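Here our numbering = 1-based position in the first sequence + 456.
Every residue, glycine too, gets a C-beta built ideally from N, C-alpha and C.
Note that this is a predicted model, so its numbers are computed, not measured.
Worksheet for the structure shown next.
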Amino acid sequence: MQEIRVRFAPSPTGPLHIGGARSALFNYLFAKANGGKLILRVEDTDIERSSKESEENIMESLRWLGIDWDEGPDKGGPYGPYRQTERLSIYHGLTNKLLSEGKAYYCYCTEEELEAQRQAFSEKGELPRYNGQCYNLTSQEKETYESKGRKPVVRFHVPVNKEIVINDLVRGDVVFESDGIGDYVIVKSDGLPTYNYAVVVDDALMRISHVIRAEEHLSNTPRQILLYEALGFSLPYFAHISLILGKDRSKMSKRHGATSVVQYSELGYLPEAVVNFLALLGWSPGGEEEIMSIKRITEQFSLDRVAKSPAVFDMDKLRWINGIYIRQSSKEKVAEMILPFLMKAGLVSDNLSSQEKKWVELISVALQEHLATASEIVEHMDILVGEDIIIESQEAMAILQDDTFPSVIQLFKEKLAALRVLNPEDIKPLLKEITKELKLGGKQVYMPIRISLTGRMHGPELNYIIPILGKELIKIRIESTAKQAGINIV
RNA sequence: GGCCCGUUGGUCAAGCGGUUAAGACACGGCCCUUUCACGGCUGUAACGCGGGUUCGAGUCCCGCACGGGUCACCA
């Protein structure tokens, strides 16, 4: 049986896009599900736009997601090099072969000439394409062009009237006519191969068995198949997965929010959640299981459960999934996740004291169930930090002005003073004692204390809030809110 | 515009000729919780349209409409 080899072949022209991440993920899942290998290949033939930084970013993002590869530019492998700009001699050799066999030819047309040709075809109501005028250039004509300093491109000569069938694992048979394709460029005037050419050479030479990629490449596939045939390579299996759309059903772009993987990590999403979500976009397991580890997904994954239709990126669902992963995390892990956001907000110092560390852990426990993403922690912090608080509403104000409040808060202060250190597990009984001793309902105790300490009617449990605030702050805040409510406390 | 792909609730998505058309997110209600959140229960809500084929069609075929992709010396 043929070895299963798939690849992810990004062009390093920017950070890893969320759609690219999904392509990479599906390749990874397919490889793991079938005992195959994932190859990472860098398609950097656009020297203008390619950068080393992007390449680094892509690899980092993949690692962050937990997608690892078996062969690639960083780890090598038997079919390297894995960067296209390092494979130029390979393409060059094959180009000469194509040239000598008459399957490709030099073309000296200028941009203006090409534009004029397209124009002409358009006016006749035909497909705007290359007219093939350089196909039969004599060596004399070539010399003339060369002497004018024109740099030629190499065009592939597309066979006429040929039916091309793609056997797509997701979409079934897709049929194209070669007549709908004009002779296209395979080597640019700078000597570098174009995408459609390099991808064929590399996939064939790297023994890729299954080409799994985004649907936008479906229309390019017939061009590539023609090249496979011209070069005498056997075809891989193809699987074109649908695109990810933004909320307005157009292709995911900047205006739909975060589009790159790093942005999600910076926003406090967990890689496990992103992977889980991405896998569910276009693929579904047979049953009703939804929260799945990458390992679990791998066990279930198969291409015939991949949907044909494009999917809208639903941020709400991602948040929901992320919230689940946060809740499943240990408190240490949550503390670790929220820490950078607290630092950035200036709420803790850059080199954490052990006291601060404890404080952060208390916060993580108090707020773990309230977070969908780690970055949201800062939105909750104003009730836990600072001396200046405001009573959020008239309703809250009224609760403080209730007759029972002074005695409640008085007793609270006394009991609190009796404690040397504030621990969540000690606070609960303390509050209970107050209700008993004053013979008051819970609401008459908990709510006024909550408002007195935070100005708010909602928030984390009091037994967490109190230790987080600490005695000093509590004293200050009680006085402040009492003043705002216009009441006297001793 | 030509070619290609797609179309089940607002979103993701089961379904592969006979189902009361799953489930999840979001939204509403109820419960839990002396707050909120979490959790539990529950409700509203879908087969784009028109023709066939068939005893029977979301499922198969053909049109149309709509959405998307592609037609680069970008990948």
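So what does DSSP say about residue i, is it helix, strand or coil?
i, result
"S716", "strand"
"P862", "helix"
"L496", "strand"
"Y920", "helix"
"A767", "strand"
"Y651", "helix"
"H673", "helix"
"I700", "strand"
"F464", "strand"
"E746", "coil"
"R539", "strand"
"L560", "Note that residue 560 is Ala in the sequence shown here, rather than Leu. In the structure shown, A560 sits in a strand (DSSP, three-state: E or B)."
"I668", "strand"
"G528", "strand"
"V731", "helix"
"V657", "helix"
"V821", "helix"
"V762", "strand"
"K580", "coil"
"K707", "strand"
Thinking C-alpha only, which one of the options is nearest residue i?
i, options, result
"P862", "I934, E817, A572", "I934"
"D646", "F577, Q540, V609", "V609"
"L734", "L701, K710, E744, M515", "L701"
"I945", "A873, G897, Q857, M913", "Q857"
"L823", "I794, K800, G713", "I794"
"R463", "S820, K488, I474", "K488"
"P649", "T551, A480, L583, L929", "T551"
"R775", "K813, P766, Y725, I750", "Y725"
"K493", "I865, Y535, E516", "Y535"
"L894", "I819, C565, T860", "T860"
"V614", "G628, L682, E597, I642", "L682"
"Y920", "V821, N490, I642", "V821"
"Y538", "A480, S595, A654, L737", "A654"
"V656", "E509, I546, E870", "I546"
"G470", "N490, N483, S517, S706", "S517"
"A767", "E671, L699, R606", "L699"
"K707", "E672, W739, L723", "E672"
My assumption, with CB atoms under 8 Å, is that residue i sits in contact with residue j. Please give the rounded CB distance.
i, j, result
"L521", "A477", "6 Å"
"I777", "I747", "7 Å"
"V762", "V667", "Not quite, the Cβ-Cβ distance comes to about 14 Å (not below 8 Å), so this is no contact."
"R461", "R663", "5 Å"
"S506", "S467", "7 Å"
"D524", "G533", "Contact doesn't hold; Cβ gap of about 13 Å is too wide."
"S665", "Y693", "7 Å"
"H826", "P916", "7 Å"
"D530", "M515", "7 Å"
"L909", "L925", "6 Å"
"L819", "T937", "A small fix is needed here, since residue 819 is Ile in this sequence, not Leu. 21 Å between Cβ atoms; not a contact."
Name the two residues that bound the continuous beta strand (DSSP E) containing residue i.
i, result
"V630", "628-633"
"E619", "619-624"
"Y947", "Given a span of 457 to 946 for the chain in the structure shown, any question on residue 947 remains unanswerable."
"I642", "640-643"
"V877", "Neither: V877 is in no beta strand (DSSP E) and is coded neither H nor E."
"F612", "609-612"
Taking its Cβ as the centre, do 16 or more other Cβ atoms sit within 10 Å of residue i, making it buried, or is it exposed?
i, result
"D772", "exposed"
"V621", "exposed"
"I495", "buried"
"N879", "exposed"
"S402", "A question about residue 402 goes unanswered here, because the residues of the chain that appear run from 457 up to 946."
"R679", "buried"
"V877", "exposed"
"H914", "exposed"
"E851", "exposed"
"E480", "According to the sequence provided, residue 480 is Ala. The question's Glu does not apply to it. Its Cβ being crowded by 16 or more others within 10 Å, A480 is buried."
"Q589", "exposed"
"H696", "buried"
"N807", "exposed"
Identify the continuous alpha helix (DSSP H) that holds residue i and give its terminal residues.
i, result
"Y601", "595-603"
"Y484", "474-489"
"S517", "508-521"
"K787", "787-800"
"L856", "850-856"
"Q900", "898-910"
"I833", "833-837"
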